[in-house]
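If you're matching positions, the sequence shown starts at 38 in the working numbering and goes up one per residue.
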Amino acid sequence: MNICAAGDIHGRIDKFYRCVKKFESELETNFDVILQAGDFGIWINPDYHDGVTKFHSGTGEFPAWYSEKKAVPVKTYFINGNNEDFNFLNSVKLSGDLEILKNLFYIPNGTASEIEVETNQGKERLVVAGIGGKYDPEHFSRNESDRYYTKSEIDNLLRYAEENKGNEDK
């Protein structure tokens, strides 16, 4: 499985996937999956965003992609950063349907997602744990916090790992 790991894109989806295509071309390979490590730039309304997003020139193209229901060109999984539309992401989490756009999947904090990809070597499986946002001692002991990860979310993942020991080859 060929995996691309990426950092903050702050809603600049067009540029991001152009860069991915260029990277694939330079490496002479195709990525099966992209793991994006927060601040994807999930803002549904281009007029509703935080100050950091405004500093990064606004919401980028995500609102247009979302309203047009565009498909993401490479299967992409992301965790939240500390600059996202948390009202929207919380509603996605509660709905249980974590595919926001075709091929764009949200991994909520404290959860693990199983990724299956058909490759030249057959079906391959990868489990990815989600912890996004940033650390803050004041928020760490809370049960939930949007911009910050919490002890309970880390504990959820530790329980998941313990319960799934020995299942790596299944």
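Every residue, glycine too, gets a C-beta built ideally from N, C-alpha and C.
query: Spatial neighbours of residue 99 in its chain, beta-carbon cut-off 7 Å, leaving aside the 5 residues before and after; result: 48, 50, 78, 79 and 80
query: Of the residues 39, 113 and 176, the one placed nearest residue 53, counting alpha carbons only; result: 113
query: Beta-carbon separation (whole angstroms), residue 132 vs residue 142, contact threshold 8 Å; result: The pair is not a contact, with the Cβ atoms about 13 Å apart (cut-off 8 Å).
query: Beta bridge counterpart(s) of residue 41 as assigned by DSSP; result: 71
query: Exposure of residue 174, with buried meaning 16 or more beta-carbon neighbours within 10 Å; result: exposed
query: Sub-8 Å separation of residue 167 and residue 187 beta-carbons; result: no
query: Residue ranges of each beta strand (DSSP E) within the stretch 76-160, 3 or longer; result: 113-115, 136-138, 141-143 and 148-156
query: Residues of its chain near residue 66, where Cβ-Cβ distance is below 6 Å and the 5 sequence neighbours each way are ignored; result: 39
query: 8 Å contact criterion, which residue 165 and residue 144 should meet: CB distance rounded; result: 6 Å
query: Residue 172 burial status per 10 Å Cβ neighbour count (16 or more: buried); result: exposed
query: According to DSSP, residues forming a beta bridge with residue 163; result: 152
query: Proximity to residue 76 [Cα-Cα], best of 179, 118 and 43; result: 118
query: Cβ neighbour criterion (16 or more within 10 Å) applied to residue 200; result: exposed
query: Straight-line Cα distance separating residue 136 from residue 189; result: 24 Å
query: DSSP three-state assignment for residue 54, whether helix, strand or coil; result: helix
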